[in-house]
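Encoded as structure tokens, the structure appears first; notes follow it.
Residue numbers (the numbering used here), protein chains in the order written: chain A, 1 to 250; chain B, 1001 to 1364.
Printed below as a string of structure tokens:
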């Protein structure tokens, strides 16, 4: 059985005539923590939208868990979506529901469990992200970092094979950010979940990533690929080096 | 799956433990009998998912509370770590506000809430009326562009819906009147009924209702979304007067356009009445317009415009107030929008009652 969970083939991303990324070829392996990095405006979040099926690619295609996403019918697409979870920048929790309800809604709709088991699963998922006891809180009553952790608990509700993270560290203090990184490592290690992380936070990148791509905002292509530490040792061009050294070199 | 030997409960996990509900009777076994040790043997376990974690997490919590030892046998890699991770963060205990059940206290709290809302709303209205009436004499933070945009939005863009609804109201008024008037052979007086009805009150009320749902709701939603996105905080920290910047252009636009839209509504309603009289009641159009012009009095027309002018204030102030007071989540925007429309309509009806009473006392 193949080890590749996402395979992008000549993928171009953008909106109408505005191309953000062109001819991207890359693979994400099972159990990877795969980071998509690059400067602001390079199309990182747009690539994530394509991979999650929110917008179609301008050109090319990608396989998700062995299925060509473009050729999949709606039912197949929905099945694939249930095998993935997403943590949005803001957490994107449903504001009219408590944290427990946010997670239980997904489980009630898509899992075979009875109510007692769902309650226990909600309890577990919140405990895993350090929010045990916050079941009855509304998103407006908790901090930004807690919203992200609650969003992660919801993303993990259905035991997904892949979890996407859109700028997980954005707006977090260094301690919360480091805690989220640790949580991602734990989830990857213990639940064997593949993580695809869109970020430009260097601390996070070097701490969590074992594979990555660098999207170049000028050439609109992937100009570096591999473990970020290895890329830093042998940067393919000055822009990548500047990015990975926060502009300290070159 | 589980068996008991004296104080020891043994749990054997085997095969695929996936998508499993919590086992029935297990927790009763732990709590109903004296248990000193729980042995969890995962030797024969092939695969697992979160449902196993949920089970083990619950067992570990129950065991911790009752000081029961858990003996782990051949647990799969990762399970112990995840249970440890879930148990590591301190449990947050929710501090509940002391809720009083006393009926008097509840009435008192309700009264205080009403008092505070009235105070806030009253202060908002007074501040904005002061800004509105003093605006011609001083520089304000209002951008002309915003005013023209608001004017276009609640003026020309609202004309088609106002014409359509008023025409239909004129039509209905004529039909309802005709049923009674026909009994006396006085169908021709439908013209008088529709003309007086539309110009004095119905035109203004219909425009008010339409604009409360259309523009008042839009004001609340726009300003409410700005509140959610912290744009209003940004305005305040920049030292810009929110009332002058956001409320004044909308208030001015609606106060100007509502009387104008009422003129359109009056004529459209009379045309609706004419359509019924001429086409359904066989009243000659010359007769209809003769009776209609006889029933047209400037005072009725001006009373209608005065109502519309007052409604302009009510709708815009309700829309803007609930927008500015909106909470910080998506739900609040919906609540604010609903409140803006409901309160605008309620206050319009109250204002109509007051104006009608005063005008009647004045003999107008």
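C-beta atoms are modelled at their ideal positions from N, C-alpha and C, and glycine is treated no differently. Remember, predicted model here, so these are calculated numbers, not experimental data.
Quick one: which chain B residues come within Cβ less than 7 Å of residue i?
| i | result |
| --- | --- |
| residue 214(A) | Correct list: empty, because the minimum Cβ distance to chain B is about 31 Å. |
| residue 159(A) | 1049, 1050 |
| residue 130(A) | 1089 |
Which bits of chain A does residue i rub up against, with CB to CB less than 8 Å?
| i | result |
| --- | --- |
| residue 1123(B) | Going along chain A, no residue has its Cβ under 8 Å from residue 1123(B), so there is no contact; the nearest lies around 25 Å. |
| residue 1026(B) | Residues of chain A passing the Cβ test: none, with the nearest at roughly 11 Å. |
| residue 1016(B) | Those do not exist, as residue 1016(B) stays about 13 Å from chain A at its closest Cβ, beyond 8 Å. |
| residue 1057(B) | 120, 123, 124, 127 |
| residue 1019(B) | 111, 112, 113 |
| residue 1086(B) | 124, 127, 128, 132 |
| residue 1331(B) | 95, 96 |
I'd like to confirm the pairing. Which residues does DSSP put opposite residue i in its beta bridges?
| i | result |
| --- | --- |
| residue 1004(B) | 1009(B) |
| residue 1048(B) | 1017(B) |
| residue 164(A) | 86(A), 196(A) |
| residue 1059(B) | None; residue 1059(B) has no bridge partner. |
| residue 211(A) | 34(A) |
| residue 1305(B) | In the DSSP output, where bridge partners are listed per residue, residue 1305(B) has none listed. |
| residue 225(A) | 213(A) |
| residue 15(A) | 18(A) |
| residue 29(A) | 4(A) |
| residue 1073(B) | 1041(B) |
| residue 173(A) | Paired residues: none, contrary to the question. |
| residue 59(A) | 12(A) |
| residue 24(A) | 11(A) |
| residue 67(A) | 64(A) |
If you draw a straight line from the alpha carbon of residue i to that of residue j, how long is it in whole angstroms?
| i | j | result |
| --- | --- | --- |
| residue 81(A) | residue 52(A) | 7 Å |
| residue 1236(B) | residue 1062(B) | 52 Å |
| residue 1270(B) | residue 1356(B) | 22 Å |
| residue 1076(B) | residue 1042(B) | 7 Å |
| residue 1268(B) | residue 17(A) | 47 Å |
| residue 111(A) | residue 1353(B) | 57 Å |
| residue 1135(B) | residue 1148(B) | 16 Å |
| residue 1011(B) | residue 178(A) | 37 Å |
| residue 184(A) | residue 8(A) | 23 Å |
| residue 1079(B) | residue 1071(B) | 14 Å |
| residue 1130(B) | residue 15(A) | 48 Å |
| residue 3(A) | residue 30(A) | 6 Å |
| residue 103(A) | residue 123(A) | 10 Å |
| residue 182(A) | residue 87(A) | 15 Å |
| residue 1231(B) | residue 1220(B) | 14 Å |
| residue 1040(B) | residue 1337(B) | 56 Å |
| residue 190(A) | residue 141(A) | 30 Å |
If the cut is a Cβ gap below 7 Å, which residues of chain A does residue i touch?
| i | result |
| --- | --- |
| residue 1022(B) | 116, 117, 120 |
| residue 1093(B) | 133 |
| residue 1053(B) | 124 |
Using CA atoms only, rank isn't needed, just tell me which of the options is closest to residue i.
| i | options | result |
| --- | --- | --- |
| residue 1224(B) | 1211(B), 1208(B), 1247(B) | 1247(B) |
| residue 1250(B) | 1266(B), 1306(B), 1312(B), 1301(B) | 1312(B) |
| residue 127(A) | 1083(B), 1146(B), 1155(B) | 1083(B) |
| residue 1146(B) | 1038(B), 1253(B), 1290(B) | 1253(B) |
| residue 1171(B) | 1273(B), 1294(B), 1207(B), 1132(B) | 1273(B) |
| residue 89(A) | 150(A), 64(A), 56(A) | 150(A) |
| residue 213(A) | 37(A), 42(A), 9(A), 70(A) | 37(A) |
| residue 1005(B) | 1015(B), 1031(B), 1038(B) | 1038(B) |
| residue 1343(B) | 1227(B), 1361(B), 1190(B), 1322(B) | 1322(B) |
| residue 216(A) | 55(A), 140(A), 43(A) | 43(A) |
| residue 1360(B) | 1325(B), 1300(B), 1340(B) | 1300(B) |
| residue 1066(B) | 1030(B), 1140(B), 1013(B) | 1030(B) |
| residue 1176(B) | 1166(B), 1193(B), 1167(B), 1293(B) | 1193(B) |
| residue 192(A) | 162(A), 209(A), 198(A) | 162(A) |
| residue 144(A) | 73(A), 171(A), 130(A), 131(A) | 171(A) |
| residue 1087(B) | 68(A), 65(A), 133(A) | 133(A) |
Which chain B residues sit within Cβ distance under 8 Å of residue i?
| i | result |
| --- | --- |
| residue 189(A) | 1078, 1081 |
| residue 186(A) | 1081, 1082, 1085 |
Would you mind telling me which residues of chain A sit closer than 9 Å to residue i, beta carbon to beta carbon, in chain order?
| i | result |
| --- | --- |
| residue 1328(B) | 95, 140 |
| residue 1011(B) | In chain order: nothing, as chain A lies at least about 16 Å away. |
Q.
By the 7 Å beta-carbon criterion, what residues does the region 1227-1248 of chain B contribute toward chain E?
A. Any reference to chain E falls outside this structure, whose protein chains are A and B.
Q) Do the region 1318-1337 of chain B and the region 89-98 of chain A meet, that is, are 3 or more Cβ pairs less than 8 Å apart? A) yes
(Q) Contact between the region 163-172 of chain A and the region 116-123 of chain A is defined here as three or more beta-carbon pairs at a separation below 8 Å; is this criterion met? (A) no
Q: Report yes or no: do the region 233-240 of chain A and the region 1016-1027 of chain B share at least 3 C-beta pairs separated by less than 8 Å?
A: No contact exists between the region 233-240 of chain A and the region 1016-1027 of chain B.
Q.
Would the region 42-61 of chain A count as touching the region 147-157 of chain A if we require 3 or more Cβ pairs under 8 Å?
A. no
Q. Any contact of the region 69-79 of chain A with the region 23-41 of chain A, i.e. 3+ C-beta pairs under 8 Å?
A. no
Q.
Assess contact between the region 1043-1052 of chain B and the region 1007-1021 of chain B, defined as three or more Cβ pairs (one per stretch) separated by less than 8 Å. Is contact present?
A. yes
(Q) Does the region 1105-1124 of chain B come into contact with the region 1178-1187 of chain B, if we say contact requires no fewer than three beta-carbon pairs (one atom in each stretch) closer than 8 Å? (A) no
Q. Counting pairs of beta carbons, one from the region 1184-1201 of chain B and one from the region 1254-1261 of chain B, are three or more of them closer than 8 Å?
A. Below 8 Å, too few C-beta pairs join the region 1184-1201 of chain B and the region 1254-1261 of chain B to call them touching: fewer than three.
Q.
For the pair the region 1345-1352 of chain B and the region 1204-1216 of chain B, tell me if three or more CB-CB distances fall below 8 Å.
A. The answer is yes - the region 1204-1216 of chain B touches the region 1345-1352 of chain B, with three or more Cβ pairs under 8 Å.
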